Amino acid sequence: MKLSTRIALAVGCTVPLLVLAAGGLLLALVARDLHRAEDQHLRQRAVALVPEARALLRASASGRPKAADTRERQLLSSALDVGVRLVAPGTAFTGGPQPGPAVTLPDRSTGFTTVRADGRSWRALIHPVDTTTASGTLWLFAPDTADRAQIRLVRNRVILTAVLAAPLSGLLAWGLATRASAPLTRLTRRTAGLDPRTSTARLPEERSGVREVDDLASTLRTVLARYDEQAARTGQALDTARSFSSAAAHELRTPLMSMGTNLDILTGHPDLPAAERADILADLHREHARLLGLLVMLRELGRGDLVEADAFRPVDLAELADAAVAEARRRAPDADLTLDAAPGLTVHGWEPGLRLLLDNLLGNALAHGRDARGRARVRVGVSGGAGEVLVTVDDHGPGVPADARARIFERFQRGPDSAGSGLGLTLVAQQAALHGGSVTVTDGPDGRGARFEVRLPARGGASAPDSGTPPSRRDWLIGTAGANRSQSFPKDRS
Numbered sequence: 165m166k167l168s169t170r171i172a173l174a175v176g177c178t179v180p181l182l183v184l185a186a187g188g189l190l191l192a193l194v195a196r197d198l199h200r201a202e203d204q205h206l207r208q209r210a211v212a213l214v215p216e217a218r219a220l221l222r223a224s225a226s227g228r229p230k231a232a233d234t235r236e237r238q239l240l241s242s243a244l245d246v247g248v249r250l251v252a253p254g255t256a257f258t259g260g261p262q263p264g265p266a267v268t269l270p271d272r273s274t275g276f277t278t279v280r281a282d283g284r285s286w287r288a289l290i291h292p293v294d295t296t297t298a299s300g301t302l303w304l305f306a307p308d309t310a311d312r313a314q315i316r317l318v319r320n321r322v323i324l325t326a327v328l329a330a331p332l333s334g335l336l337a338w339g340l341a342t343r344a345s346a347p348l349t350r351l352t353r354r355t356a357g358l359d360p361r362t363s364t365a366r367l368p369e370e371r372s373g374v375r376e377v378d379d380l381a382s383t384l385r386t387v388l389a390r391y392d393e394q395a396a397r398t399g400q401a402l403d404t405a406r407s408f409s410s411a412a413a414h415e416l417r418t419p420l421m422s423m424g425t426n427l428d429i430l431t432g433h434p435d436l437p438a439a440e441r442a443d444i445l446a447d448l449h450r451e452h453a454r455l456l457g458l459l460v461m462l463r464e465l466g467r468g469d470l471v472e473a474d475a476f477r478p479v480d481l482a483e484l485a486d487a488a489v490a491e492a493r494r495r496a497p498d499a500d501l502t503l504d505a506a507p508g509l510t511v512h513g514w515e516p517g518l519r520l521l522l523d524n525l526l527g528n529a530l531a532h533g534r535d536a537r538g539r540a541r542v543r544v545g546v547s548g549g550a551g552e553v554l555v556t557v558d559d560h561g562p563g564v565p566a567d568a569r570a571r572i573f574e575r576f577q578r579g580p581d582s583a584g585s586g587l588g589l590t591l592v593a594q595q596a597a598l599h600g601g602s603v604t605v606t607d608g609p610d611g612r613g614a615r616f617e618v619r620l621p622a623r624g625g626a627s628a629p630d631s632g633t634p635p636s637r638r639d640w641l642i643g644t645a646g647a648n649r650s651q652s653f654p655k656d657r658s
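Position one of the sequence shown corresponds to residue 165 (the working numbering), numbered consecutively onward.
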């Protein structure tokens, strides 16, 4: 049922009820006012008639018929337009308009009452009359104007008005509701052909002038935008899964073939010398560690590509760096690791991703930043300024050649002597871009080794007002070297 029809039916049923209720209240008030006027008139007549009624009772009780007749005529002449009935033990005097003698009067001794008889209604005042020789009851009657034909006519007209009000108010409400719901009807027509599965058409930003309709249109636009976002994220998830399987198959082929060859040698030559067998087993252990590291890195890349904005929280980067350095010291007790971090530097970010960034920078420095004697001296700094937080990791290794500084952040880029997966620095670049920042590599501060610099927007910083929202599309796991990335990543800032 249409909204306008519902409103018309509701109004068509409500208005007659309101008319009847108002009419009933009006009739009750008018009847009460008429009763008050009648009662006041009877009270005034009673003031004039009570002395005459006492005199009549005294004359009747003393046995003076002529005096009683005279007093009765005086009583009836004083009654004017009201009916009089004086009732005493053994006698009754009546005159004027009143109910017939066969009508039973209410058993009351005083006050006002209504008497109905032969289709008529009378308003009556009961007043006791007492003398020293006799007592009786004076009844005064007047036609009940509250029950006259005019009142009944008004009642009938109220009912007729209620009956006519039902269709008229329904039609009027239907017309007004149809006009009022016209913006909603137009919105329905505009949205009827929208199918987010087959079309990219969306609701335009048009104001109808009706706040509720505009709010509904805004809600529909939000729902469609979320559908598009989720559809895109679903497509990204599928691409990520396909890329994960493809990358894993490609990168795992060589170590698996090497491990298979070594296993064939061990199986086919059970009498190998102990030294050769130890070399083969050591090679197997290295390939196993490489495979495990590769799978872990691919998993972390996939997590970064699929993380949602609601996972971002305020993160104290100084505390996170302290925890990462402490863990690195446990992994490499021979290394010289120092941390210089200013307290209270907070970013809005994904804490597991930021910890991954720090761990991989430290792991890279420990693996490739040793000097000629094999010693690892790594300096980690966390500082703030100009609406950003700067994280630096310095080592004393051979450094990174200028022509290789742009490539080391790409997937599967490994040095000739590297036993890693080639994804550690890719994870660093991914997390920096995910948090609206950047990562660069330069020479060390004293001209030796390498310095990795990660710049992240500080929480509430003016330099990146939307830094708390990750890029709409992340393709670090899907993308290949040289492919166009959807997120900006200034690799050549140095």
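All C-beta atoms, glycine included, are put in the ideal place defined by N, C-alpha and C.
Small disclaimer: the values here were computed from a predicted structure and weren't measured.
{"Check": "Should glutamine 394 go down as buried or exposed, given a rule of 16 or more other Cβ atoms within 10 Å for buried?", "Outcome": "exposed"}
{"Check": "Taking C-alpha atoms, which residue in Val544, Asp443, Asp480 and Ala536 lies nearest to alanine 490?", "Outcome": "Val544"}
{"Check": "Counting only the same chain and skipping the five closest in sequence on each side, list residues whose C-beta sits under 6 angstroms from that of aspartate 500.", "Outcome": "Arg541"}
{"Check": "So what does DSSP say about histidine 599, is it helix, strand or coil?", "Outcome": "coil"}
{"Check": "Use the C-beta contact count for histidine 433: other C-beta atoms within 10 angstroms, 16 or more gives buried, fewer gives exposed.", "Outcome": "exposed"}
{"Check": "Mapping the DSSP letters down to three states, classify glycine 264 as helix, strand or coil.", "Outcome": "coil"}
{"Check": "Report the rounded CA-to-CA distance for glutamate 236 versus leucine 220, giving the unit in angstroms.", "Outcome": "6 angstroms"}
{"Check": "Within 8 angstroms, do at least three Cβ pairs link the stretch 246–256 to the stretch 179–191?", "Outcome": "no"}
{"Check": "For the candidate residues Glu370, Ala330 and Leu332, whose alpha-carbon lies nearest to that of leucine 348?", "Outcome": "Glu370"}
{"Check": "Ignore the nearest five residues each way along the sequence and tell me which others in arginine 441's own chain have a CB closer than 8 angstroms to its CB.", "Outcome": "Leu430"}
{"Check": "Helix, strand or coil for valine 557, going by three-state DSSP, please let me know.", "Outcome": "strand"}
{"Check": "Which whole-angstrom value describes the C-beta separation of valine 511 and leucine 620, a residue pair presumed to lie in contact below a C-beta threshold of 8 angstroms?", "Outcome": "5 angstroms"}
{"Check": "Whose C-alpha, out of Leu554, Arg571 and Asp558, is nearest the C-alpha of aspartate 610?", "Outcome": "Asp558"}
{"Check": "Between the C-alpha atoms of glycine 513 and valine 546, what's the straight-line distance to the nearest angstrom?", "Outcome": "16 angstroms"}
{"Check": "Whole angstroms is fine: what's the gap from threonine 268's alpha carbon to threonine 169's?", "Outcome": "56 angstroms"}
{"Check": "Of the choices Leu526, Pro562, Leu598 and Ala298, whose alpha-carbon is the least far from that of alanine 536?", "Outcome": "Pro562"}
{"Check": "When the distance is taken between beta carbons, is leucine 289 closer than 8 angstroms to alanine 210?", "Outcome": "yes"}
{"Check": "Quick check for students: name the residue ranges of the beta strand (DSSP E) that lie wholly in the stretch 488–514, counting only runs of 3 or more.", "Outcome": "500–505 and 510–513"}
{"Check": "Could you tell me if proline 629 is buried or exposed, where buried requires 16 or more neighbouring beta carbons within 10 angstroms of its beta carbon?", "Outcome": "Confidence in proline 629 is poor, its pLDDT being 41 and thus under 50, which makes the residue's placement unreliable; the coordinate value appears in the next sentence. When all chains shown are included, proline 629 counts as exposed."}
{"Check": "Quick check: the Cα distance between aspartate 378 and tyrosine 391, rounded to an integer number of angstroms?", "Outcome": "20 angstroms"}
{"Check": "Where does glutamate 216 land, buried or exposed, given buried means 16+ other C-beta within 10 angstroms?", "Outcome": "buried"}
{"Check": "If you drop the 5 nearest sequence neighbours on each side, which residues of the same chain put their C-beta closer than 7 angstroms to that of leucine 503?", "Outcome": "Ala485, Asp486, Val489 and Val544"}
{"Check": "If arginine 222 and threonine 301 are in contact, beta carbons under 8 angstroms, what's the gap, nearest whole angstrom?", "Outcome": "Going by Cβ atoms, the distance from arginine 222 to threonine 301 rounds to 16 angstroms, so no, they are not a contact pair."}
{"Check": "Output the boundary residues of the alpha helix (DSSP H) element that contains leucine 250.", "Outcome": "Segment 247–252 is the beta strand (DSSP E) holding leucine 250; no alpha helix (DSSP H) there."}
{"Check": "Assuming alanine 381 and leucine 351 make a contact with CB atoms under 8 angstroms, what is their CB distance in whole Å?", "Outcome": "6 angstroms"}
{"Check": "If distances are taken between C-alpha atoms only, which option among Gly424, Pro507, Gly538 and Ala596 comes closest to glycine 549?", "Outcome": "Pro507"}
{"Check": "Tell whether a beta-carbon distance below 8 angstroms holds between glycine 259 and alanine 281.", "Outcome": "no"}
{"Check": "Leaving out five residues before and five after alanine 596 in sequence, what residues of the same chain have Cβ atoms less than 6 angstroms from its Cβ?", "Outcome": "Ser602, Val603 and Val618"}
{"Check": "Output the distance between the C-alpha atoms of serine 627 and serine 422, rounded to the nearest integer angstrom.", "Outcome": "Note on serine 627: pLDDT 46, under 50, position unreliable in the model; no value is reported."}
{"Check": "Around the Cβ of arginine 463, are there at least 16 other Cβ atoms within 10 angstroms (buried) or fewer (exposed)?", "Outcome": "exposed"}
{"Check": "Check each candidate in Thr556, Leu598 and Pro307 and name the one with the smallest Cα separation from leucine 525.", "Outcome": "Thr556"}
{"Check": "Tell me which same chain residues have a C-beta within less than 8 angstroms of the C-beta of histidine 452, skipping the five on either side of it?", "Outcome": "Met423"}
{"Check": "Report the residue from Asp480, Glu515 and Arg494 whose alpha carbon sits nearest the alpha carbon of valine 553.", "Outcome": "Asp480"}
{"Check": "Going by alpha carbons, who is nearest to valine 605 out of Leu598, Ala593 and Leu324?", "Outcome": "Ala593"}
{"Check": "How would you call serine 333, buried or exposed, if buried means at least 16 neighbouring beta carbons within 10 angstroms?", "Outcome": "buried"}
{"Check": "Going by other Cβ atoms of all chains shown within 10 Å of its Cβ, with 16 needed for buried, is glutamate 376 buried or exposed?", "Outcome": "exposed"}
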